[in-house]
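Read the structure below first, then the notes.
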Amino acid sequence: MPAVQREPEQQVFSVVILGNFNPKIFHPFWYAQNELIAEQEIDEADDVLSSSEVSMFNWHGIHFQIEQHRFGLTTKDAAQVPQLRDLAIGSFSLLEHTPLSAIGFNLESRFQLPSRDAWNSVGDRLAPKDQWRSVLEDPGMLSVAMLGKRKNCSADRISIRVAPASGLENGVVVGINQHYNIETEQRVTIADRNNEVMRALKDDWKSFRNYAESTAVSLACDGIEPTGTES
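Residue 287 is where the sequence shown ends in the working numbering, and the numbering goes up by one at each step.
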């Protein structure tokens, strides 16, 4: 019998950095001038919006959105994840005097399960219904959220949310966030805090990706029986 499909239908990766930013500088021309994207690829950026309040554009499958207190890079293309990380590192290597307060790594994974029974089994496993039957008729999982830490990881917290995936038959979505609060008494200067952002991007991103991908598969697919037979 074939194994249950354990690859997600879609993955969305993002890096979010909190601080004080001047959104208007984050423009494709700025990235090209600083050799973070090739000058001949400026025209490949689309949906460009640049103002003092928000800058947004898409380039090679990466969405840039920078607000006055939030810098975000997002991609649905797994092949572009290394480029996304490099762009974040490059941006704040140049902006070393920008006050930063937090950084988060995020992965959202959407899975399509093979049947309604398989879909229901996720809720049965993560949110057993016995406790709810005394207060609700026909209880079902709307979402489950957990907060904790990872072994051998300096992040302040890991948050995980599992819920039905809208618009996807028998779909489950698993969202995982790894959050660092870098505005601490131990990191007094802007340089100290920015160094921690750079360290997290350089040292922790790969392990986060491995952890988040395997955790998402486990939460969505563990215990689901395979369907069909091999020919």
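All C-beta atoms in this analysis are idealised placements derived from N, C-alpha and C, irrespective of residue type, glycine included.
A distance of 8 Å or more separates the beta carbons of residue 157 and residue 246. Under the DSSP assignment, residue 102 falls in the beta strand (DSSP E) whose first and last residues are 102-106.
Per DSSP, the beta bridge partners of residue 118 are 115, 131. Its Cα nearest to that of residue 114, the residue 104 stands out among 108, 104, 123, 122. Assignment of residue 123 by DSSP, reduced to helix, strand and coil, places it in the strand class.
Ranking 170, 88, 187, 165 by CA distance to the CA of residue 232 puts 165 first. For residue 156, the uninterrupted beta strand (DSSP E) segment begins and ends at 156-168. Closest by C-alpha distance to residue 228, out of 63, 218, 235, is 218. Distance from the Cα of residue 202 is smallest, within the candidate group 182, 195, 196, for 182.
Residue range 246-255 is occupied by the alpha helix (DSSP H) that includes residue 249. At the C-beta level, residue 197 and residue 179 come within 8 Å of one another.
CA-CA distance, residue 112 to residue 269, rounds to 27 Å. Counting C-beta pairs closer than 8 Å gives fewer than three between the region 182-193 and the region 246-266, which falls short of the contact rule.
An exposed status is given to residue 135, since fewer than 16 other beta-carbon atoms sit within 10 Å of its beta-carbon. Secondary structure at residue 148: helix, using DSSP grouped into helix, strand and coil. Rounded to whole angstroms, the Cβ separation of residue 125 and residue 77 is 7 Å, and the two are in contact under 8 Å. Looking from the CA of residue 253, the closest CA among 145, 213, 89, 94 belongs to 145.
Secondary structure note for residue 220: its beta strand (DSSP E) is the uninterrupted segment 213-220. Distance between residue 266 and residue 194, taken at the CA atoms: about 36 Å. About 10 Å separates the Cβ atoms of residue 83 and residue 107, ruling out a contact at the 8 Å cut-off. DSSP, read as helix, strand or coil, puts residue 70 in strand.
At a Cβ-Cβ threshold of 8 Å, residue 128 and residue 215 do not count as neighbours. Taking the Cα positions, residue 137 is about 43 Å away from residue 192.
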